[in-house]
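A short write-up of the structure that comes next.
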Amino acid sequence: MPNYYRDNSDLLFHMKTMDIKQVVELKEDDFKEHGTYPDAPKDSEDARDNYHRVLDIVGDIAGEFVAPRAADVDKNGAKHINGEVVFPKPILESLDRLRKADLMGMTLPRKYDGINLPMTVYMAAIEMISRADASLMLLFGLQGIGETISRFGSEDQKQRYLPRFCAGEVMGAMALTEPDAGSDLQAVSLQADLRPDGKWVLNGVKRFITNG
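Just so we're aligned, residue 0 is where the sequence shown starts under numbering that gives the first Met the number 0, counting upward by one.
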């Protein structure tokens, strides 16, 4: 049974040897949530063990479930039907499997039903999903958009959106590409202007929406 975590010596070495004690303590806020949430670790070693377990689950899903469907994803492709983008069935099946494993809010706080992983661990999961199916990675990987809401959004926005990110009900999208900018962020010229009535107007042109 292929497992994209257990068979990856680089990831295993990195996760076993890197010094992330300070990162864990900061992410866990000195483990204040232990006893409040069943999966909240009691100390750094407990947290590291949790990370291994989560990555093992991701590795199993990536190797056993996602990778065998990748060719069908390429053959079928996404469709534009009645103004809606419809993902190929294998992508939807893989997303459903990840959703059922509670892996759609990896870095988000437990308060909003996330699993509060450090970004380093999340990136290891992204690597495995990308290895299995790069197109799925664009969907799974943009759950990090929820992190922006978590860091900078109002409490109302967090309550409205973050549990839906964690449940896999919504996903992030990125509108970066412009005719004269490509993915050169410094050359992006679109501007957001706030009107007197409180509404925002976007002035500019976009050419591509990742996960649109």
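Every residue, glycine too, gets a C-beta built ideally from N, C-alpha and C.
(1) Mind the definition here: the segment 12-30 touches the segment 100-118 only if three or more C-beta pairs lie below 8 angstroms; say whether that holds.
(2) Let me know the alpha helix (DSSP H) ranges lying completely inside the segment 34-63, each 4 residues or longer, listed in chain order.
(3) Which parts of the segment 118-185 are runs of the beta strand (DSSP E), unbroken and 3 residues or longer, counting only runs that do not cross its ends?
(4) Return the residue from the list Ala191, Tyr4, Tyr160 and Val200 that minimises the CA-CA distance to Asp55.
(5) Flag this pair as touching only if the segment 36-51 and the segment 6-23 have three or more C-beta atom pairs under 8 angstroms; answer yes or no.
(6) Taking its Cβ as the centre, do 16 or more other Cβ atoms sit within 10 Å of Thr35, making it buried, or is it exposed?
(7) Measure the alpha-carbon distance for Gln142 versus Ala172 and round it to whole angstroms.
(8) What does DSSP give as the partner residues of His79 in its beta bridges?
(9) Per DSSP, which residues does Val22 bridge with? Please list them.
(10) With Gly62 and Pro1 assumed to form a contact (beta carbons below 8 angstroms), what rounded beta-carbon distance in angstroms separates them?
(11) Assuming contact is defined by CB atoms lying nearer than 8 angstroms, are Ala166 and Met103 in contact in what I supplied?
(12) Whose CA, out of Asn202, Leu10, Ala39 and Ala133, lies closest to the CA of Val65?
(13) Please list the terminal residues of the continuous alpha helix (DSSP H) segment that includes Leu10.
(14) To the nearest angstrom, report how far apart Leu138 and Leu175 are at their CA atoms.
(15) Give me whichever residues DSSP pairs with Asn202 in a beta bridge.
On the basis of the data shown:
(1) yes
(2) 43-60
(3) 173-176
(4) Tyr4
(5) yes
(6) exposed
(7) 9 angstroms
(8) Val84
(9) Paired residues: none, contrary to the question.
(10) 3 angstroms
(11) yes
(12) Ala133
(13) Ser8 to Thr16
(14) 16 angstroms
(15) Gln190
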